[in-house]
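S.K.:
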Amino acid sequence: TATNWIANMIVGATFLTMLNTLGNANTFWVYAALNVLFILLTLWLVPETKHVSLEHIERNLMKGRKLREIGAHD
Numbered sequence: 561t562a563t564n565w566i567a568n569m570i571v572g573a574t575f576l577t578m579l580n581t582l583g584n585a586n587t588f589w590v591y592a593a594l595n596v597l598f599i600l601l602t603l604w605l606v607p608e609t610k611h612v613s614l615e616h617i618e619r620n621l622m623k624g625r626k627l628r629e630i631g632a633h634d
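Anchor point for the sequence shown: position 44 equals 604 in the numbering used here, and the numbering is continuous, going up by one each time.
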């Protein structure tokens, strides 16, 4: 939820300035581009841990595996 609050604060602080400077369409294109960028970053940085136990994740972290590999099966 902290991420959501911070994102909302950034949008609230920048929206009117961008709207007055860029206009309606360009303002929303900027936010759309940022959404696509953050979706791609999330897919790249956040590891998939579906069907992986907490013990397995902890064991991989203790072995010194990279964060992208913590959900990998041995």
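For glycine and all other residues, C-beta sits at the position ideal for the given N, C-alpha and C.
From N580 to A592, what distance separates their C-alpha atoms?
M.R.: Near 18 Å, if we compare the C-alpha coordinates of A592 and N580.
S.K.: Helix, strand or coil for E615? Go by DSSP, reduced to three states.
M.R.: Helix, per DSSP.
S.K.: Looking at the secondary structure, which residues open and close the alpha helix (DSSP H) in which A573 lies?
M.R.: Looking at the DSSP string, the run of the alpha helix (DSSP H) that includes A573 is A562 to L582.
S.K.: Please state if the CB of R628 and the CB of L594 are separated by a distance shorter than 9 Å.
M.R.: Result no, Cβ atoms of L594 and R628 do not sit closer than 9 Å.
S.K.: With E608 and G631 assumed to form a contact (beta carbons below 8 Å), what rounded beta-carbon distance in angstroms separates them?
M.R.: Rounded, the Cβ-Cβ distance is 5 Å, consistent with contact.
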